[in-house]
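Enquirer:
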Amino acid sequence: MSQKTNKISISCIIPTRNRPLFLKEALDSVLKQTVKPHEIIIVNSGSEPVESSEGIKIFDVVKNSGPSQARNFGACVASGDFLAFLDDDDLWPPDYLERVTHALRQDTLCVISRLDKLENGKVQPYKYAEKNMRLIYSINPGITGSNVVVDRELFISIGGFDVRLESGEDKSLIIDLMDYGQKNAKSLNWPGITFLLDNFAIQRMHDGPHIGKTSKGIKAFVDKYSDRMTRMDYYYNMSLISKNPCYRLAYLCHKLLSDSR
Numbered sequence: 048m049s050q051k052t053n054k055i056s057i058s059c060i061i062p063t064r065n066r067p068l069f070l071k072e073a074l075d076s077v078l079k080q081t082v083k084p085h086e087i088i089i090v091n092s093g094s095e096p097v098e099s100s101e102g103i104k105i106f107d108v109v110k111n112s113g114p115s116q117a118r119n120f121g122a123c124v125a126s127g128d129f130l131a132f133l134d135d136d137d138l139w140p141p142d143y144l145e146r147v148t149h150a151l152r153q154d155t156l157c158v159i160s161r162l163d164k165l166e167n168g169k170v171q172p173y174k175y176a177e178k179n180m181r182l183i184y185s186i187n188p189g190i191t192g193s194n195v196v197v198d199r200e201l202f203i204s205i206g207g208f209d210v211r212l213e214s215g216e217d218k219s220l221i222i223d224l225m226d227y228g229q230k231n232a233k234s235l236n237w238p239g240i241t242f243l244l245d246n247f248a249i250q251r252m253h254d255g256p257h258i259g260k261t262s263k264g265i266k267a268f269v270d271k272y273s274d275r276m277t278r279m280d281y282y283y284n285m286s287l288i289s290k291n292p293c294y295r296l297a298y299l300c301h302k303l304l305s306d307s308r
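Okay, structure coming up:
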């Protein structure tokens, strides 16, 4: 894994697909960072070309290949010690990388920041992953492709984002990362994940097209982790993708029992 020095090199990776206006705002938020990234990599899986900018590395990949493929490609061509992902419709505040860099100097391999949301022109608190990690097999506790920074070698070792998942790939990455860290704790000197409450990425809430898909991704996530899920987790996931009302009823019954304990 990366050796901690005073010089922390972070590659910023932005997957994009046919959202030029959002991409411009996301890129502007990176360029305004008080601590600059080592490099900025844009991976385009859309049909529209991305306008070139000085100092920005742009790669065109297979059209509609999905965010996981795009992020993994970006990681493979990155040269920084750490990878900071940013979805093309999201934003970072100016001191995002500065706070992340400070955390990385404290001997950690992965940083997850708070997730705020931009809705109706206002930024407000949304999710804080550390408080909700026990729910990771049902809801997303606050992990996206925009608030995770991870050691590049560690990311490559676990195979990156699972390309079989069209949604849920973000929280799956963290599950796989924690599994790998625990299994290789001695050789990695695994410090665990650092959660930053005082730092945040901004998730844009909008009705426009999204890079990832939903139902098929949820089903793939269930297939991958069903042996770890509680019955309540399983029923909740299935209630999202099945027309059978029994899943929703079973979930509500289990939740009621859980809440009453």
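For the numbering used here, add 47 to where a residue sits in the sequence shown, where the first one is 1. All C-beta atoms in this analysis are idealised placements derived from N, C-alpha and C, irrespective of residue type, glycine included. Note that this is a predicted model, so its numbers are computed, not measured.
Enumerate in chain order the residues of its own chain whose CB-to-CB distance from Phe106 is below 6 Å, with the five nearest sequence positions on each side excluded.
Expert: Locating residue 106 in the sequence shown gives position 59, where the first residue counts as 1. Around Phe106: Val90.
Enquirer: Determine the DSSP secondary structure at Gln229, reduced to helix, strand or coil.
Expert: Within the sequence shown, numbered from 1, the residue matching residue 229 stands at position 182. The answer is helix: DSSP assigns Gln229 an H, G or I state.
Enquirer: Relative to the C-alpha of Asp136, which residue among Phe208, Ala117 and Leu165 is closest?
Expert: The count along the sequence shown starts at 1 and reaches residue 136 at position 89. Ranking Phe208, Ala117 and Leu165 by Cα distance to Asp136 puts Leu165 first.
Enquirer: With three or more C-beta pairs closer than 8 Å as the rule, is the segment 269-279 touching the segment 174-184?
Expert: yes
Enquirer: Asn91 bridges to which residues according to DSSP?
Expert: The sequence position of residue 91 within the sequence shown is 44, counting from 1. Answer is Thr63 and Asp107.
Enquirer: Kindly provide the ranges of any beta strand (DSSP E) runs that are 3 or more residues long and lie completely inside the segment 121-204, ordered along the chain.
Expert: 129-132, 157-166, 169-174 and 195-198
Enquirer: By alpha-carbon positions, which one of Asp226, Ile87, Lys218 and Leu78 ends up nearest to Ser204?
Expert: For this step, residue 204 is matched to residue 157 along the sequence shown. The shortest Cα separation from Ser204 among Asp226, Ile87, Lys218 and Leu78 belongs to Asp226.
Enquirer: Could you give the first and the last residue of the continuous alpha helix (DSSP H) run that contains Leu287?
Expert: Stepping through the sequence shown from its first residue, residue 287 is reached at position 240. Unbroken alpha helix (DSSP H) run through Leu287: Arg278 to Ile288.
Enquirer: From the DSSP secondary-structure annotation, give me the bridge partner or partners of Ile57.
Expert: Sequence index remark: in the sequence shown, residue 57 carries index 10 (1-based). BP columns for Ile57 point to Phe129.
Enquirer: In terms of residues, what are the limits of the alpha helix (DSSP H) holding Asp306?
Expert: On the sequence shown, position 259 is the one that residue 306 refers to. Pro292 to Asp306 is the extent of the alpha helix (DSSP H) around Asp306.
Enquirer: At which residues does the beta strand (DSSP E) containing Phe208 begin and terminate?
Expert: Taking the sequence shown and counting its residues from 1, one reaches residue 208 at position 161. Run containing Phe208: none; DSSP gives neither H nor E here.
Enquirer: Since Leu243 sits in a beta bridge, which residues does DSSP pair it with?
Expert: Within the sequence shown, the letter at position 196 stands for residue 243. Ser160.
Enquirer: Leaving out five residues before and five after Asp223 in sequence, what residues of the same chain have Cβ atoms less than 8 Å from its Cβ?
Expert: Here residue 223 is taken as the residue at index 176 of the sequence shown, counted from 1. Answer for Asp223: Ile205, Gly206 and Asp209, listed in chain order.
Enquirer: Given a cut-off of 8 Å, decide if Ile60 and Arg118 are closer than it, judged by their beta-carbon atoms.
Expert: One-based indexing of the sequence shown puts residue 118 at position 71. One-based indexing of the sequence shown puts residue 60 at position 13. Yes, they are a contact pair.
Enquirer: Apart from the five residues on each side of it in sequence, which residues of its chain come closer than 7 Å, Cβ to Cβ, to Pro96?
Expert: Indexing the sequence shown from 1 puts residue 96 at position 49. Around Pro96: no qualifying Cβ.
Enquirer: Provide the residue(s) that pair with Ala248 in DSSP beta bridges, ordered along the chain.
Expert: On the sequence shown, position 201 is the one that residue 248 refers to. Leu162, per the DSSP bridge assignment.
Enquirer: Quick one: what's got a C-beta closer than 6 Å to Arg278's C-beta in the same chain, skipping five residues either side?
Expert: Translated into positions along the sequence shown, residue 278 becomes position 231. Cβ within range, chain order: His301.
Enquirer: Which residue or residues does DSSP assign as beta-bridge partners of Glu86?
Expert: Along the sequence shown, read from residue 1 onward, the residue named residue 86 stands at position 39. Answer is Ser58.
Enquirer: State the DSSP-derived secondary structure class of Asp223, mapped to helix, strand or coil.
Expert: Against the sequence shown, residue 223 aligns to sequence position 176. Residue state, collapsed to three classes: helix.
Enquirer: Put Gly102 into one of helix, strand or coil per three-state DSSP.
Expert: Locating residue 102 in the sequence shown gives position 55, where the first residue counts as 1. Gly102: coil per DSSP, three-state reduction.
Enquirer: Please report the distance separating the alpha-carbon of Leu70 from that of Gly113.
Expert: The count along the sequence shown starts at 1 and reaches residue 70 at position 23. The count along the sequence shown starts at 1 and reaches residue 113 at position 66. Going from the Cα of Leu70 to the Cα of Gly113 covers about 16 Å.
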